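Q:
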Amino acid sequence: MRKKLRLALIICCGIGIKAQVGINMTAPEGTVHVDGQKNTNVSISSSYDDDVIITPAGNVGAGTKSPKTRLDLRSEERLNAIGIGGTSQAASAAKAGAMRYNSGTQDLSYSNGTAWITLAHKAPNDFVDAENSSAQSFSNGVQTAMTGWTKKTDVNSSFNAGTGTFTASKTGVYIVSFTFSLASGSIADDSRYETLIQTNSTSSATNKVFKCVGSYPGTNTIGNRVAGNCSGIFNLNQGDNITVSLNQKLGSSKTLDSDSTLTSLSIFGL
């Protein structure tokens, strides 16, 4: 009987206790206060950057000791990004107000309780502007991709200048313009060249290659500079590649002119 009375007394007394829990600290400032680095100092506001606090009102603060909303990440450190992942959950299961990230289209959606609705946004379009002064060599009659570019502009870091490979950052229409100039040299009679803009896309909604041909009809070998250009429009899926190449049949190996302004590549996503 005495044991039961003691237990009841302990329970009754415990009900009236207003408890605070501190982890890595002795003086918690909320119902629950976690000090990640065990460095909290009330006189140094930045010492709360690694803290997590739950207030009596039920607000949670990460990096702030005075959360004003149910979840408040506004620390002085300003490393306050929220990571939102994807989900296979149906919108009806996630309920209205839930959010998810779509890795394929690189955007956010919210649930209205019935369907996932894409949030309006405008990601920057791909834009590449590059020049080439590499003096790259091209064997006679061999199609060769142009490499060794120098980037002037690359908005989304979608162009590998070393390999000359562009990778579409999102699905859409892309305009490509390409010019080149070879160093002056001999040109065989009745010779020609092809400039090619190609994609590895497997989509049936786009052309796979645009070819532009230049010819030097005649019966005499001459010495001259050879230059040309080509352009194309592609309907690409995210991750599809574009490369440009040259297949010259001018009678001997040729090299690009070392003047970078004479060989250029521009790619723009609409």
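The sequence shown maps to residues 0 to 269 in numbering that gives the first Met the number 0.
Even for Gly, the Cβ is constructed at its ideal location relative to N, Cα and C.
From a predicted model like this one, the values you see are computed outputs, not experimental measurements.
Could you name the residues of the same chain whose beta carbon sits closer than 8 angstroms to that of Asp34, not counting the 5 residues immediately before and after it, in chain order?
A: Hits under 8 angstroms: Gly21, Ile22, Asn23, Met24, Asp49 and Asp50.
Q: Just checking my contact of Glu76 with Ser44 at CB under 8 angstroms: how many whole Å lie between their CB atoms?
A: Actually they do not touch by this definition, with Cβ atoms about 10 angstroms apart.
Q: So, under 8 angstroms CB-CB, Ser257 and Ala134 are touching, yes? Tell me the CB distance rounded to an integer number of Å.
A: Between Ala134 and Ser257 the Cβ distance is about 5 angstroms, and since that is below 8 angstroms, they are a contact.
Q: Out of Leu264, Ala226 and Gly231, which has the shortest C-alpha to C-alpha gap to Thr198?
A: With distances taken between Cα atoms, Thr198 lies closest to Gly231.
Q: With H, G and I counted as helix, E and B as strand and the rest as coil, what does DSSP make of Thr260?
A: Helix.
Q: Go ahead and label Leu118 buried or exposed: buried means 16 or more other beta carbons lie within 10 angstroms of its beta carbon, across all protein chains shown.
A: That one is exposed.
Q: Where Ser136 and Gly161 are concerned, what is the direct C-alpha to C-alpha distance, given to the nearest angstrom?
A: Looking at the two C-alpha atoms, the distance is approximately 15 angstroms.
Q: DSSP beta-bridge partners for Ala114?
A: Ala114 is not bridged to any residue.
Q: In its own chain, which residues sit with a C-beta less than 7 angstroms from the C-beta of Lys151, not counting the 5 before and 5 after it?
A: Excluding sequence neighbours, Lys151 sits near Asp128, Ala129 and Glu130.
Q: Can you tell me which of the three DSSP states Ser46 falls into?
A: It is helical.
Q: What number of angstroms, rounded off, separates the C-alpha of Gly268 from the C-alpha of Ile196?
A: Spanning the two alpha carbons is a distance of roughly 15 angstroms.
Q: Rounded to whole angstroms, what's the CA-CA distance from Asn228 to Met145? Just pull it up for me.
A: About 13 angstroms.
Q: Which word fits Gly62, buried or exposed, when buried means at least 16 other C-beta atoms lie within 10 angstroms of its C-beta?
A: Flag for Gly62 reads buried.
Q: Could you check the C-alpha separation between Ser168 and Pro27 for me, to the nearest Å?
A: If you take the alpha carbons of Ser168 and Pro27, they lie about 47 angstroms apart.
Q: Candidates Ser42, Gly147 and Ala97: which alpha carbon is nearest Gly84's?
A: Among Ser42, Gly147 and Ala97, the Cα nearest to that of Gly84 is on Ala97.
Q: State the Cα-Cα distance for the pair Leu72 and Asn159, rounded to the nearest angstrom.
A: Looking at the two C-alpha atoms, the distance is approximately 37 angstroms.
Q: What residue from Val225, Thr143 and Lys210 has the CA that sits closest to Ala182's CA?
A: When each option's Cα is compared against that of Ala182, the closest is Val225.
Q: On the three-pair Cβ rule with 8 angstroms, is the stretch 242–260 touching the stretch 93–111?
A: No: fewer than three Cβ pairs fall under 8 angstroms.
Q: Hey, how far is the Cα of Ser200 from the Cα of Val31?
A: Taking the straight line from one Cα to the other gives about 54 angstroms.
Q: Smallest Cα separation from Gly29: which of Gly250, Lys37, Ala18 and Gln36?
A: For Gly29, the nearest C-alpha among the options comes from Ala18.
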